[in-house]
Amino acid sequence: MTDDSKKRAEQRVQDLREIGVVIDTWDDIFSDFDPRPLSERTVSGDFIDELKKRYKETQSGDFIITIYAPILLKNEESERMVTNRLRKHFRYKFLQKNKVIAIIRIRGLIFFIVGICSLSFLTLATYFKFLSELTLQISSIILMPLGWFGIWEGLSKLIDTSPVVIRDSKLFERLLKATYHFKYLESGNK
211 MTDDSKKRAE QRVQDLREIG VVIDTWDDIF SDFDPRPLSE RTVSGDFIDE LKKRYKETQS
271 GDFIITIYAP ILLKNEESER MVTNRLRKHF RYKFLQKNKV IAIIRIRGLI FFIVGICSLS
331 FLTLATYFKF LSELTLQISS IILMPLGWFG IWEGLSKLID TSPVVIRDSK LFERLLKATY
391 HFKYLESGNK
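Counting in our numbering, the sequence shown tops out at residue 400, every number present.
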């Protein structure tokens with residue numbers, strides 16, 4: 211492989227990992243509806259949607275997010291502020307998604323325990339006969355389906371936690387850990 215072909219191959223790998231977004235102003239990254247100063251504004255839903263779309267196209271390795279902006283916006287302080295705000299936002303979203311995953315799994319554990327307890331009570335009541343026959347029959351009508359439902363639904367929540375939530379959690383984790391670069395274009399280079 212020649213040096214030129216190595217450089218092209220490396221560039222292709224770089225292109226696969228790089229997500230490039232063109233903006234006109236810093237407002238393109240932050241919500242227009244949020245009146246707070248730029249350093250406190252909410253990140254724009256359109257900006258996040260674009261990153262999600264690009265993430266689906268390039269789901270390999272660590273990410274480099276390159277923000278292309280007009281040369282007039284070049285300012286190291288603004289770059290740091292934007293990078294910090296994006297990391298803060300993605301950290302919040304990542305922690306929020308992990309909390310949802312934990313809640314789903316805790317509910318799954320509760321379902322599983324209720325199912326085991328229902329079936330165990332029914333088994334013990336049948337074996338030791340501490341309930342009358344009629345009470346045992348009525349209890350089994352309620353406890354048997356409850357027990358099996360609890361076990362299977364609980365296992366489902368524990369093992370197969372919502373793939374959408376897990377995918378979003380991974381996305382926000384990768385965006386949190388991404389490297390942010392800023393490249394500035396002359397007005398006619400878009």
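Backbone N, C-alpha and C define an ideal beta-carbon position, used for all residues, glycine too.
Strand pairing of residue i, partner residues [DSSP]
{"i": "A279", "result": "Y394"}
{"i": "E228", "result": "I274"}
{"i": "T389", "result": "I274"}
Close-in-space but distant-in-sequence residues of the same chain around residue i (CB under 6 Å, 5 per side omitted)
{"i": "V324", "result": "G360"}
{"i": "F151", "result": "Residue 151 is absent from the model: the chain starts at 211 and stops at 400."}
Beta-carbon proximity list for residue i, same chain, < 7 Å, skipping 5 on both sides
{"i": "H299", "result": "V253"}
{"i": "L346", "result": "A335 and T336"}
{"i": "T371", "result": "I311, I314 and R315"}
{"i": "V223", "result": "Caution applies to V223, whose pLDDT of 49 falls short of 50 and renders its modelled position unreliable; the value that the coordinates give is listed next. For V223, where only same-chain residues beyond five positions count, there are no Cβ hits under 7 Å."}
{"i": "D234", "result": "P280"}
Distance between residue j and residue i (C-alpha atoms, nearest Å)
{"i": "V292", "j": "T389", "result": "12 Å"}
{"i": "V232", "j": "I316", "result": "42 Å"}
{"i": "R301", "j": "F382", "result": "7 Å"}
{"i": "L296", "j": "W362", "result": "40 Å"}
{"i": "E260", "j": "F321", "result": "38 Å"}
{"i": "S342", "j": "K309", "result": "45 Å"}
{"i": "K380", "j": "L319", "result": "23 Å"}
{"i": "L344", "j": "L368", "result": "36 Å"}
{"i": "E228", "j": "E286", "result": "21 Å"}
{"i": "F243", "j": "L353", "result": "53 Å"}
{"i": "I348", "j": "F338", "result": "17 Å"}
{"i": "V375", "j": "I239", "result": "24 Å"}
{"i": "L385", "j": "Q306", "result": "14 Å"}
For residue i, three-class secondary structure by DSSP
{"i": "T252", "result": "coil"}
{"i": "F243", "result": "coil"}
{"i": "K400", "result": "Model confidence at K400 stands at a pLDDT of 49, short of 50, so the residue's coordinates are unreliable and nothing is read from them."}
{"i": "V223", "result": "Per-residue confidence for V223 stands at a pLDDT of 49, beneath the threshold of 50, marking its modelled position as unreliable; no derived number is given."}
{"i": "F304", "result": "helix"}
Residues of its chain near residue i, where Cβ-Cβ distance is below 8 Å and the 5 sequence neighbours each way are ignored
{"i": "L356", "result": "V324, G325 and S328"}
{"i": "G255", "result": "S241"}
{"i": "Y394", "result": "Y278, A279, P280, I281, L283 and K284"}
- Query: Is it true that the region 230 to 250 meets the region 362 to 374, where meeting means three or more beta-carbon pairs spaced less than 8 Å apart?
  - Reply: no
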